[in-house]
Structure formats: C-alpha cells, structure tokens
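In the working numbering, each residue's number is its place in the sequence shown (first place is 1) plus 33. C-beta atoms are modelled at their ideal positions from N, C-alpha and C, and glycine is treated no differently.
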Amino acid sequence: MPERQHSLYVDTSVWKRAGEKSKQRDGRPIGWTGGRLVAAYGHGRITPDPADNPAAASRTAKLIRIGDADWTAAEHRAAQGGTSISAAFEALLVAYCDGRLKIVTTVVQEPATAA
34 MPERQHSLYV
44 DTSVWKRAGE
54 KSKQRDGRPI
64 GWTGGRLVAA
74 YGHGRITPDP
84 ADNPAAASRT
94 AKLIRIGDAD
104 WTAAEHRAAQ
114 GGTSISAAFE
124 ALLVAYCDGR
134 LKIVTTVVQE
144 PATAA
C-alpha cells in the first residue's frame, strides 16, 4: 500500500527527542517510525497512556509517512476514544522515547532468481 505524508501536532521537544531515539535505535527517520506507531495504534495493537501527554508550550505540525487505510483506522480509533490523533500520537512518542515501546523490523529476503 503506498504511503503518503500526514500532519500531526506534536510538542517540539518530544518530536526532537523521538527523532534522536529513532535514529539511534532503529536507524530510521522519525517520520517512518511515527507512521508505524500510528498504524499500530489505529489497528488496536498498542494503546497510549493519556498521562504521557506533556503540557506543551509549543506544538507544531510534523509529518509522518503512513498508508491511507492505517491513517483512517487511527483517526477512527481516536474519535471513538474521545481524543485527537495528535494527542494519541504524542503519548505514543513519549512511551517510545522512554523505551516502553519498540519498533520491530523484519527483514524479508527475496529468493534468488536464476539468470
């Protein structure tokens, strides 16, 4: 499924910290990691702790890459929970930064083809 960029409002210090952690732990940009967190949230695989939302002085729009179906699922879940997708995402980022969430990457090797 092709991915597109979607915008979320996040505390700038949380975003910066998550970007550093994503690069260190997963070797990926935070836009990729963030997309995986939102997709997992949208499909009910993880639930953020609302206490993880900091009282932020400055939230700015940040971009993540995620498939449309995953984005729609996350929007729907947030609405059902009476929150915004941005608030849920920010709480997930805090948990990720603190090491309570990890991204598991699986490497798939294609079978060699005879030339």
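Ordered along the chain, which non-local residues of its own chain (more than five positions away) have a Cβ less than 6 Å from that of residue i?
i	result
residue 81	121, 124 and 125
residue 144	none
residue 134	128
residue 54	130
residue 29	It is not possible to answer for residue 29, since the shown part of the chain is limited to 34 through 148.
How would you label residue i, buried or exposed, when you count the other beta carbons within 10 angstroms and need 16 or more for buried?
i	result
residue 37	exposed
residue 146	exposed
residue 68	buried
residue 111	buried
Looking at residue j and residue i, is the spacing between their C-beta atoms short of 9 Å?
i	j	result
residue 129	residue 118	no
residue 87	residue 127	yes
residue 48	residue 116	no
residue 138	residue 59	yes
residue 100	residue 72	yes
residue 96	residue 46	no
Quick one: what's residue i bridged to in DSSP?
i	result
residue 91	Residue 91 is not bridged to any residue.
residue 96	40
Give me, in chain order, the residues of the same chain whose beta-carbon lies closer than 8 Å to that of residue i; leave out the 5 immediate sequence neighbours on both sides.
i	result
residue 70	79, 122, 125, 126, 129, 134 and 136
residue 83	116, 120 and 124
Sorted by chain position, which residues of the same chain lie with C-beta nearer than 7 Å to residue i's C-beta, five sequence neighbours on each side aside?
i	result
residue 65	98
Checklist entry - Any chance the stretch 64–80 sits against the stretch 93–106, with 3 or more Cβ pairs inside 8 Å? => result yes
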